[in-house]
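Enquirer: Each residue of the sequence shown is one higher than the one before, counting from 18 in the numbering used here.
Every residue gets a Cβ at the ideal spot worked out from N, C-alpha and C, and that includes glycine.
Fair warning: this is a prediction, and the values are worked out from it, not measured in the lab.
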Amino acid sequence: MKLNPYLTFTGQCETAFKFYEKVLGGKIDAMMTAEGTPMEQHVAPDWRKKIMHARLTVGGTVLMGSDAPPDRAEPMKGITVTLNIDEPAEADRVFQALSEKGSVGMPIQETFWAHRFGMVTDQFGTPWMINCEKHA
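#1: Can you round the beta-carbon distance between R65 and A51 to whole angstroms, since I take them to be within the 8 Å contact cut?
#2: CB-CB under 7 Å to G142, same chain, minus the five flanking residues each way: which ones, in chain order?
#3: When you compare the CB positions of V137 and V121, do they come within less than 8 Å of one another, or not?
#4: Can you grab the Cα-Cα spacing for the pair F112 / E38, in whole Å?
#5: Measure the alpha-carbon distance for L115 versus D103 and round it to whole angstroms.
#6: Less than 8 Å between the beta carbons of A33 and M48, yes or no?
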């Protein structure tokens, strides 16, 4: 069994996943729109180029997402995507990138359990926790 987060966006899924690919050093394995598929006729013409399904692989983990039509879109709430990063400098770099045009909930800093820990909601509305644990 694998557990994979699935994020829902309000029209910015493609931009978000290209940003995550760059920041997280992953690879987009899938980026599918309704255009040209059997779903095309069931989607509003102005929504056919939006993302129906995206998949990004980062290491051995998969992050998936799509765009929700305006009548079904809801802000992300009750979930945070956590990145466990081994090196403090890399944790700082990722936190800084995700913070651009976003909002910082807790600045990245040393805590009693981590060399670096911080919380941020990025420009696309995805909440993140960056954690670089101290190892005994």
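Expert: In this structure, then:
#1: 5 Å
#2: P92, M93
#3: The beta carbons of V137 and V121 sit closer together than 8 Å.
#4: 14 Å
#5: 17 Å
#6: no
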